[in-house]
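Engineer: Heads up: the sequence lines are chains A and B, in that order. Take the first sequence: its letter number 25 is residue 24 in numbering that gives the first Met the number 0, and every next letter is one higher. Take the second sequence: its letter number 93 is residue 92 in numbering that gives the first Met the number 0, and every next letter is one higher. From the three backbone atoms N, C-alpha and C, an ideal C-beta is built for every residue, glycine too.
2 protein chains.
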Amino acid sequence: MTVREDIHSAGIPVLCQSCEARHRGVCGALDPDQLVGLAKTSSRHSVEPGSELIGDAETVDSYSNVLSGVVKLTKSLSDGRQQIVGLQFAPDFLGRPFKMESEINAEAATAVSLCSFPKTAIERMMKQSPELEHRLLKQTLNELDEARDWMVTLGRKTAAEKVASFLLMIARNIDPTLDPATNATSFDLPLTRADIADFLGLTIETVSRQLTRLRTDAVIRIDNNRHVTVDSLTRLASRSGA
Amino acid sequence: MTVREDIHSAGIPVLCQSCEARHRGVCGALDPDQLVGLAKTSSRHSVEPGSELIGDAETVDSYSNVLSGVVKLTKSLSDGRQQIVGLQFAPDFLGRPFKMESEINAEAATAVSLCSFPKTAIERMMKQSPELEHRLLKQTLNELDEARDWMVTLGRKTAAEKVASFLLMIARNIDPTLDPATNATSFDLPLTRADIADFLGLTIETVSRQLTRLRTDAVIRIDNNRHVTVDSLTRLASRSGA
DNA sequence: CAAGGGCTTTGACCGAAATCAAGGCATTGG
DNA sequence: CCAATGCCTTGATTTCGGTCAAAGCCCTTG
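As structure tokens, then:
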């Protein structure tokens with residue numbers, strides 16, 4: 000069971016008072032008393048696609064729960080080559096505990112809404128509440144797992160398998176209409192072709208060609224360049240290389 | 000500062016009684032009283048290169064500190080394609096807290112010595128000692144950082160850059176004779192060409208050819224197929240693509 | 001020493017994906 | 001309505017790394 004599933008199934012809805020929304024991110028680990036303290040300092044934001052959330056530019060001093068939308072984590076080489084090293088969906092927690100040396104950027108891939116807390120507030124709370132740190136450890140272990148799965152994709156899969164794996168991963172994360180009977184599903188791509196290329200270690204052209212192939216082979220349909228309909232998840236999975 | 004450096008610089012030597020060795024892994028987070036309890040259940044092992052430490056076969060029910068040697072973490076696709084997703088050096092902590100779903104294998108790349116504890120003992124201790132969980136969180140964050148760095152290497156670097164990056168990483172981790180003056184260093188490769196290929200997402204032949212190129216360009220020397228001498232770390236770094 | 005096996009190197013050739021180059025198709029704004 | 005802009009697709013060509021094949025080099029073992 001992933002952390003995400005765990006939080007969902009635990010079903011701990013927490014009224015985060017400042018952002019006036021019920022959500023289930025890391026806040027779910029706090030007891031009501033603690034939460035009231037935290038809520039006073041939290042605030043809800045909505046940001047445009049493309050906004051930089053964590054970057055080299057401004058030293059960001061806050062943590063956030065992702066309430067909706069998709070955030071991409073990227074790293075770049077000095078000559079501009081870029082790689083997306085992670086995607087965060089609701090209710091993931093966004094931020095860098097204990098300043099790591101690694102330079103990472105976070106950018107809104109879609110419209111994103113966040114509930115943010117000052118770094119100091121979270122860090123104070125973490126000292127008091129082992130349960131909060133435990134939650135964080137679990138999310139981190141989960142992200143590590145995902146990162147390692149993608150290392151296999153990046154290092155050992157063909158372009159066709161990479162694209163199929165990507166679609167499968169997105170479907171699993173934001174699929175609104177999973178139909179177990181027909182084994183079909185549909186969703187909006189949260190990333191542009193360029194982002195997908197940066198995620199899979201390919202070029203835009205190769206991503207486009209592979210999507211075209213999946214379309215002509217009738218594995219998927221794409222409307223408005225965004226909305227994907229997968230006719231058979233199993234057929235897609237069989238092309239993802241395990 | 001990496002976790003590894005942190006543990007080293009903190010300089011917390013702990014006498015782990017059962018293995019009768021001073022080491023500084025996760026045990027360093029425990030106070031002496033707790034340690035006595037743990038030490039009763041711990042034991043020191045030495046394993047041959049190639050031994051499987053964590054695998055699909057036997058469900059391993061213990062955690063370990065790596066005392067010396069190098070452990071490779073691998074993942075495989077159903078058709079046998081393999082990817083190394085991490086390397087662990089002393090004093091890293093080896094094991095899977097909270098059973099994750101991801102199937103991962105750990106195998107001794109070199110001769111390895113370990114200090115192992117039963118899973119139950121560590122887990123009991125973790126509930127009592129927030130400091131232990133904190134250490135674990137820090138190591139996990141560090142591994143996540145490393146994994147994401149390698150995603151950039153796997154997705155966006157050329158074969159030449161991959162091999163240079165690999166040598167640089169190994170040098171940083173097990174360099175016994177770093178000479179800041181001449182900027183030179185030397186070390187034994189802990190991995191075979193096949194392992195290096197699995198780590199970098201390349202074939203054996205490509206790894207061999209790139210090493211040959213570095214040799215003919217006088218950036219490195221290799222003796223006995225194992226012992227590498229880097230004449231200029233900066234020159235090597237300049238070939239690693241940042 | 002010779003034989004054998006495991007690992008590594010090297011060479012010739014091939015192919016998947018990158019690069020280079022147009023062109024299409026929406027949305028936006030004058 | 002017609003540029004203009006930003007994505008996306010498609011085609012032609014090139015190239016980097018993979019594949020196939022052979023040989024070299026150690027190291028062990030009889």
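1) Check each residue of the stretch 114-148 of chain B: if its Cβ is closer than 8 angstroms to any Cβ of chain A, include it; give the result in chain order.
2) By Cβ distance below 6 angstroms, which residues in the same chain neighbour A/Ser67 in space, the five residues on each side in sequence not counted?
3) Measuring only between beta-carbons, confirm whether B/Ala9 sits less than 9 angstroms from chain A.
4) To the nearest angstrom, how far is it from the Cα of A/Asp216 to the Cα of A/Ser207?
5) For B/Asp174 and A/Asp194, what's the separation of their Cα atoms in angstroms?
6) I'd like to know if A/Leu199 contacts chain B, where contact means its C-beta is closer than 9 angstroms to some C-beta of that chain.
7) For B/Met125, which residues from the same chain have a beta carbon less than 6 angstroms from its beta carbon, with the 5 sequence-adjacent residues on both sides left out?
8) Could you tell me the alpha carbon to alpha carbon distance between B/Leu76 and B/Val229, rounded to whole angstroms?
9) Please give the ranges of any alpha helix (DSSP H) in the stretch 116-157 of chain B, keeping only runs that are unbroken, at least 4 residues long and fully inside the region.
10) Going by Cα to Cα distance, which pick from B/Thr184, B/Asn223, B/Leu166 and B/Ser115 is closest to B/Arg43?
11) A/Arg238: buried (16+ other C-beta within 10 angstroms of its C-beta) or exposed?
12) Please report how far the alpha carbon of B/Trp149 lies from the alpha carbon of A/Thr176, in whole angstroms.
13) Distance cutoff 9 angstroms, beta carbons only. Does B/Ile242 sit that close to anything in chain A?
14) Pull up the distance between the alpha-carbon of A/Arg234 and that of A/Gln87, whole angstroms please.
15) Less than 8 angstroms between the CB atoms is what I'm expecting for A/Ile121 and A/Lys74, so what's the real figure, rounded?
16) For B/Met168, which of B/Val227, B/Phe92, B/Tyr62 and B/Thr211 has the nearest alpha-carbon?
17) I'd like to know whether the C-beta atoms of B/Ala146 and A/Leu143 end up nearer to each other than 9 angstroms.
18) Mind checking if A/Thr109 is an interface residue toward chain B, Cβ cutoff 9 angstroms exclusive?
19) Does any residue of chain A bring its CB to less than 9 angstroms from the CB of B/Ile221?
20) Could you tell me the boundaries of the alpha helix (DSSP H) in which A/Ser207 lies?
21) What number of angstroms, rounded off, separates the C-alpha of A/Asp78 from the C-alpha of B/Gln81?
22) Apply the 10 Å Cβ neighbour rule to B/Gln127 and answer buried if 16 or more other Cβ atoms are within range, or exposed otherwise.
23) At the level of alpha carbons, what is the spacing between B/Val65 and B/Leu93?
24) Compute the Euclidean distance between the alpha carbons of A/Leu199 and A/Leu153, then round it to the nearest angstrom.
25) Does A/Val227 come within less than 9 angstroms of chain B when only Cβ atoms are used?
26) In chain order, what residues of the same chain have a beta carbon less than 6 angstroms from the beta carbon of A/Val59, not counting five sequence neighbours either side?
27) Taking all protein chains shown into account, do 16 or more other C-beta atoms lie within 10 angstroms of the C-beta of B/Asn223, making it buried, or fewer, making it exposed?
28) Take A/Thr205 as the anchor and find which of A/Leu188, A/Ala180, A/Asp187 and A/Ala163 has the nearest alpha-carbon.
29) Taking B/Asn182 as the reference, give the member of B/Ile219, B/Glu47 and B/Ile83 with the closest Cα.
30) Taking the alpha-carbon of A/Val70 as reference, which of A/Thr119, A/Lys137 and A/Leu188 has the nearest alpha-carbon?
31) Is B/Thr184 helix, strand or coil when you go by DSSP?
32) Excluding the 5 residues preceding and the 5 following B/Thr202 in the sequence, name in chain order all residues of the same chain whose CB lies nearer than 6 angstroms to its CB.
33) Just to make sure I have the definition right: I need the residues of chain B whose C-beta is within less than 7 angstroms of the C-beta of A/Ser45. Which are they?
34) Rounding to the nearest angstrom, what Cα-Cα distance links B/Thr40 and B/Pro96 in this structure?
35) Which residues in chain B sit within 8 angstroms of A/Leu153, going by Cβ to Cβ distance?
36) Using a Cβ-Cβ cutoff of less than 7 angstroms, which residues in the same chain neighbour B/Lys118 once the five nearest sequence positions on both sides are dropped?
Structural biologist: According to the structure data:
1) Pro129, Glu132, His133, Leu135, Leu136, Lys137, Thr139, Leu140, Asn141, Glu142, Leu143, Asp144, Ala146, Arg147 and Asp148
2) Ala89 and Ser112
3) Only weak support is given to the placement of B/Ala9: the predicted model assigns it a pLDDT of 41, under 50, and the question is left unresolved by the model.
4) 14 angstroms
5) 37 angstroms
6) yes
7) Leu131 and Glu132
8) 35 angstroms
9) 118-127 and 129-155
10) B/Ser115
11) buried
12) 35 angstroms
13) With chain B running from 0 to 241 in the structure shown, residue 242 of chain B is simply not present.
14) 26 angstroms
15) Contact flag wrong, Cβ pair sits at about 24 angstroms.
16) B/Val227
17) yes
18) no
19) no
20) Ile203 to Thr215
21) 30 angstroms
22) exposed
23) 7 angstroms
24) 6 angstroms
25) no
26) Ile53
27) exposed
28) A/Ala163
29) B/Ile219
30) A/Leu188
31) strand
32) Ala196
33) By Cβ distance, chain B contributes nothing, its closest Cβ being about 27 angstroms from A/Ser45, past 7 angstroms.
34) 18 angstroms
35) Met150, Leu153, Gly154 and Gly200
36) Asp60, Ser61 and Tyr62
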